[in-house]
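K.L.:
In the numbering used here, the protein residues as written are 19 to 359.
Idealized CB from N, CA, C, for every residue including glycine.
Predicted model only: the values in this text are computed from it and were never measured.
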């Protein structure tokens, strides 16, 4: 009897049971990891002997992980921006591993969360939520809500008009906002359908009341998209929402802008290090940070998890998948094997 190929699945909250069931229904053995923040050594152990790998947790697969996973043939990132979150993706390419992702499946979830963060900045309420420390019978616990601002009639600047950014732009128009956008490639379909104007980054920053970032994270040798120079261009009191990647903004420059330009910022997923930690001390009315969760809905997880599982199973079954980002993986894998023969 032919031995079952093993598929590793990480991410207890992201990959639904339906995706796991698809893997076993297709005849593969399932290996699950319940630690969403798997360390380097734990990931080496988990990858031992597996042929497929769904990246649904917060682990960071590095080059050495792919190099040591000699049986690994198919990888799927349950999301879009694997180049920012999988440091070893180039090594996987070089070794001829099929590498799939699931673009667009979480776009609606992230777009809705972006609007939620923008509203939370415009109408700061996080410190006024009534809980156990508030007592109607004790006036000393009463909270005076801060003054907010309406978004209708103001200008939103969208940086990156892909699947998520385009949705945010359309939602903002529904709130009565004017919308500008900038992007490496112009979205002519969006312009034609919505009348949204394209402009350069500096012009967008200078004209926007709300700025929303929807770009992949910079590579290791690239500077942040928004540094001190760019933040100096922003309007006093502007609102900055970042549901793209924390490295898009220089945290030291952001702290300066919050302190000296009255900028308010919200980020989906706090960056590492003291500079980011210092920003949280400013309080959520000025700097609102949450664990990375914009993508995390039941709906998005079901779509992305099933799509990732299907891609891995299709590759391991000998078929192709339109979600594989390196369609020459079989030729590359054959060349690697010839070189090692």
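Under the rule that 16 or more other beta-carbon atoms within 10 Å means buried, what is residue 88, buried or exposed?
P.N.:
exposed
K.L.:
Taking just the CA atoms, how far does residue 129 sit from residue 312?
P.N.:
8 Å
K.L.:
Just mark residue 268 as buried or exposed, buried being the case when its beta carbon has 16 or more other beta carbons within 10 Å.
P.N.:
buried
K.L.:
Using the Cα positions of residue 195 and residue 203, report the straight-line distance between them to the nearest angstrom.
P.N.:
23 Å
K.L.:
Spatial neighbours of residue 107 within its chain, please: C-beta separation below 7 Å, excluding the five flanking residues on both sides.
P.N.:
100, 101 and 117
K.L.:
In three-state terms, what does DSSP make of residue 76?
P.N.:
coil
K.L.:
Touching or not, the segment 317 to 327 and the segment 283 to 298, by the rule of three or more beta carbon pairs under 8 Å?
P.N.:
no
K.L.:
Hey, how far is the Cα of residue 43 from the Cα of residue 332?
P.N.:
13 Å
K.L.:
My output table needs one value for residue 50: the three-state DSSP class, helix, strand or coil.
P.N.:
strand
K.L.:
In whole angstroms, what separates the C-alpha of residue 284 from that of residue 169?
P.N.:
About 16 Å.
K.L.:
Compare the C-alpha of residue 187 against each of 126, 266, 314 and 71 and name the closest.
P.N.:
For residue 187, the closest C-alpha among the options 126, 266, 314 and 71 is that of 126.
K.L.:
Just list the beta strand (DSSP E) runs in the segment 84 to 129, keeping only unbroken ones of 3 residues or longer that don't cross its boundaries, in chain order.
P.N.:
92 to 95 and 116 to 118
K.L.:
Name the DSSP beta bridge partners of residue 308, please?
P.N.:
286
K.L.:
Does the Cβ-Cβ distance between residue 260 and residue 226 come in under 9 Å?
P.N.:
The answer is no: Cβ separation not under 9 Å.
K.L.:
Quick check on DSSP: helix, strand or coil for residue 172?
P.N.:
coil
K.L.:
For the segment 343 to 358 against the segment 51 to 60, do three or more pairs of beta-carbon atoms, one drawn from each stretch, fall closer than 8 Å, so that the two count as touching?
P.N.:
no
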